[in-house]
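Written out below as structure tokens is the structure these notes cover.
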Amino acid sequence: MANDKPANLPAAPGKPEAQTPAQALSTAKQVEELADRLSACADSIHERVMRDIRRSQEQHHGEVPEAEQSVARALLDAEIELRQRANRLYADAAACIVAPLGQSQAHLVALTADAADKIKKITRIGDGITLVARLLGLAAAAATGQVVPILAAVDQLKTQLDVVAVHEAPPA
Numbered sequence: 009m010a011n012d013k014p015a016n017l018p019a020a021p022g023k024p025e026a027q028t029p030a031q032a033l034s035t036a037k038q039v040e041e042l043a044d045r046l047s048a049c050a051d052s053i054h055e056r057v058m059r060d061i062r063r064s065q066e067q068h069h070g071e072v073p074e075a076e077q078s079v080a081r082a083l084l085d086a087e088i089e090l091r092q093r094a095n096r097l098y099a100d101a102a103a104c105i106v107a108p109l110g111q112s113q114a115h116l117v118a119l120t121a122d123a124a125d126k127i128k129k130i131t132r133i134g135d136g137i138t139l140v141a142r143l144l145g146l147a148a149a150a151a152t153g154q155v156v157p158i159l160a161a162v163d164q165l166k167t168q169l170d171v172v173a174v175h176e177a178p179p180a
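Note that this note's numbering has the sequence shown beginning at 9, numbered continuously upward.
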């Protein structure tokens, strides 16, 4: 007798398998993928801070004003913390698996990729600091393996990315 529901067939070569929204962070590999994206965000923070330091040195004849040094130190501290949290996710991936999250893995990966890109281009330092804080929040929430904190962290990250997009939009 024919089955009314289509069989779950593997995706075509080179094409990711379709996921239901509840499948984000449902495997150790997906938790590791989030850790990879958070590490990429840490790389973006590092690149951005070093670029800003070089630019400041050029503008101030080899010196970096104390206020800019303070911001750079804070962002480098956040970079280290983000890397540490990503490393903990790698180590604890199996423990961080989350039952129905209601978010797709692609959505989480896209948010963190967008964050890494925005960190490189952001012009308002306050937006950058808040964005980094939201990434740290997501990393901490993912480590809990609990749906509610992860969803809250995803929402906060999405909101901050929207704020950055508004602030960085070209004038009309």
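Quick reminder that beta carbons are idealized off the backbone N, C-alpha and C, glycines included.
Quiz prompt | V117 Cβ short of 6 Å to the ligand GDP heavy atom set | solution = Ligands are entirely absent from the displayed structure, and the ligand GDP is therefore not among its contents.
Quiz item: Start and end of the alpha helix (DSSP H) containing I105?
Solution: Per DSSP, I105 belongs to no alpha helix (DSSP H) and is neither H nor E.
Self-check item: For V106 and A50, the rounded distance between their alpha carbons
Solution: 24 Å
Quiz prompt | Residue range of the alpha helix (DSSP H) that includes P55 | solution = It is worth fixing the name first, because residue 55 is Glu in this sequence and not Pro. E55 -> alpha helix (DSSP H) spans A36 to Q67.
Self-check item: When G153, S47, P178 and I61 are compared against A36, the one with the closest alpha-carbon
Solution: G153
Quiz item: Is P29 helix, strand or coil when you go by DSSP?
Solution: With a pLDDT of only 49 at P29, under 50, the local geometry of the prediction cannot be trusted, and the value read off the model is given with reservation. Residue state, collapsed to three classes: helix.
Quiz prompt | Straight-line Cα distance separating A148 from L97 | solution = 9 Å
Quiz item: So does the region 64–79 actually touch the region 138–146, counting three or more Cβ pairs closer than 8 Å?
Solution: no
Practice problem: May I ask you to verify whether the region 42–62 touches the region 82–89, counting CB pairs closer than 8 Å and requiring at least 3? | Solution: yes
Quiz item: Should Q168 and R132 be called a contact, given that it needs their Cβ atoms to be closer than 7 Å?
Solution: no
Exercise. Tell whether a beta-carbon distance below 7 Å holds between A177 and L109.
Key: no
Quiz item: What is the DSSP secondary structure of Q168, reduced to helix, strand or coil?
Solution: helix
Quiz item: Which of the three DSSP states, helix, strand or coil, is assigned to Q113?
Solution: helix
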